[in-house]
Amino acid sequence: MRSLNRFLLNAFQARRAPTLQRTFHSTSLATMPRTAATESFKFNHTMIRIKDPKLSLPFYMDTLGMDLVSERNMGDFTLYFLAFDHDGIASLPAEQKAKARFNREGILELTHNHGTESDPNFQGYANGNAEPGRGFGHIAITVNNIEEACARFESLGVPFKKRLTDGKMRHIAFILDPDGYWVEVVPQALSL
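Under full-length UniProt numbering, the sequence shown has 162 at position 162, and the numbering climbs by one with no breaks.
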C-alpha cells in the first residue's frame, strides 16, 4: 500500500510540481496572501457519521450547547447541521436558514444512516484515532473557563479521553461523544 501511495504522490507531484514548488517553497505558508480567486472561501462544515441521533443530538445540543440550525431527512439518512448560533440563524424562517447555513463557518454535520441505531450487528464508526484508518482526529470547542467546563462534563457523566490532569498538556482536555469521536476542549485564551 505504501508503494502505491508513493507512486500516486510522485505522479501527482510530477504533473503539479512546478506550480507547487513556486507556491509552497518560495513563500512561508503563514504569509501567503489570499488571491481574488479564494478571498470568499470559508471553511463551512465537517461531517461525521453517528449511530443514534437520540444520543448524539442531546450530547451536542445539551452538553456542548450547540444549536440545530438545519435538519434534512434524505430518505435513507438524515443530516443534522449544528453550530454555536451566535447570529440567530436557528430562529430564521426555513428558506433563510438554508441560505445562511452555507454562508457561515463552524458547522458540524451529523449524518445518521437510518437503522444503525437498532442494528445489533452494527459495530459503530471508526473515530480515526486508531489503526487501521488513523486519519481524522477530533473536533475542538473553546470555552471561557476550562476547569468549570470539565467539572460540568464530569458531573454529566461525559467520558473523558484525556483529563486536564493527564499528560504534559494540562491546559486542554478531550471528551468523547456517544460514537467515540474525540472533542478537544480548549480555553479561549490558549497560548501554545
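Beta carbons: idealized from backbone N, C-alpha and C, even for Gly.
Chain B within 8 Å of L164, Cβ atoms only
Considering every chain present, this structure includes no chain B. It has just one protein chain.
Is it a yes or a no for the stretch 178 to 187 touching the stretch 139 to 151, going by three-plus beta-carbon pairs under 8 Å?
yes
On the criterion of 16 or more Cβ atoms from any shown chain inside 10 Å, does P53 qualify as buried, or is it exposed?
To locate residue 53, count along the sequence shown from 1; it is residue 53. That one is buried.
Hey, how far is the Cα of H112 from the Cα of N103?
For the purposes of this step, residue 112 is taken as the residue at position 112 of the sequence shown. For the purposes of this step, residue 103 is taken as the residue at position 103 of the sequence shown. The straight-line gap from Cα to Cα measures roughly 23 Å.
Contact the stretch 62 to 73 vs the stretch 119 to 138: 3+ CB pairs below 8 Å:
no
Would you report the Cα separation of residue 193 and G180, rounded to the nearest angstrom?
Look at the range of the chain in this structure, 1 to 192, and you will see that residue 193 is not part of it.
Would you be able to state if there are at least three C-beta pairs under 8 Å between the stretch 80 to 94 and the stretch 161 to 171?
no
Taking 8 Å as the threshold (C-beta atoms), are H45 and F77 in contact?
By one-based count along the sequence shown, residue 77 stands at place 77. By one-based count along the sequence shown, residue 45 stands at place 45. No, these two residues do not count as a Cβ contact at 8 Å.
Y125 versus G106: straight-line alpha-carbon distance, rounded
Counted from its first residue, the sequence shown places residue 125 at position 125. Counted from its first residue, the sequence shown places residue 106 at position 106. A direct Cα-Cα distance of roughly 22 Å separates Y125 from G106.
Residues near A189 in its chain [Cβ-Cβ closer than 7 Å; skip 5 each side]:
As a first step, residue 189 is located in the sequence shown; it is residue number 189 there, counting from the start. None.
Rank P93, Y80 and E39 by C-alpha distance to the C-alpha of I48 and give the top, closest one.
Locating residue 48 in the sequence shown gives position 48, where the first residue counts as 1. Selected option, being the one with the closest Cα: Y80.
What residue ranges within the UniProt domain "VOC" (42 to 188) form continuous alpha helix (DSSP H) runs of no fewer than 4 residues, ordered along the chain?
If we require 4 residues or more, the alpha helix (DSSP H) runs fully inside the UniProt domain "VOC" (42 to 188) come out as 53 to 58, 94 to 101 and 146 to 155.
Residues in its own chain within less than 7 Å of G128 by CB, not counting five upstream and five downstream?
Within the sequence shown, residue 128 is the residue found at index 128, counting from 1. So the qualifying residues of the chain are R134, G135, F136 and G137.
Between the C-alpha atoms of D62 and D177, what's the straight-line distance to the nearest angstrom?
Residue numbering aside, residue 62 sits at position 62 when the sequence shown is read from its first letter. Residue numbering aside, residue 177 sits at position 177 when the sequence shown is read from its first letter. Answer to the nearest angstrom: the Cα atoms are 12 Å apart.
Closest by CA to E117, which one among T35, F41 and I50?
One-based indexing of the sequence shown puts residue 117 at position 117. With distances taken between Cα atoms, E117 lies closest to I50.
Give a yes or no on whether the C-beta atoms belonging to L82 and L55 are separated by under 8 Å.
Along the sequence shown, read from residue 1 onward, the residue named residue 82 stands at position 82. Along the sequence shown, read from residue 1 onward, the residue named residue 55 stands at position 55. Result no, Cβ atoms of L82 and L55 do not sit closer than 8 Å.
Suppose you measure from the CA of G157 to the CA of G167; what does that come to, to the nearest Å?
In the sequence shown, the residue the question calls residue 157 occupies position 157. In the sequence shown, the residue the question calls residue 167 occupies position 167. Looking at the two C-alpha atoms, the distance is approximately 21 Å.
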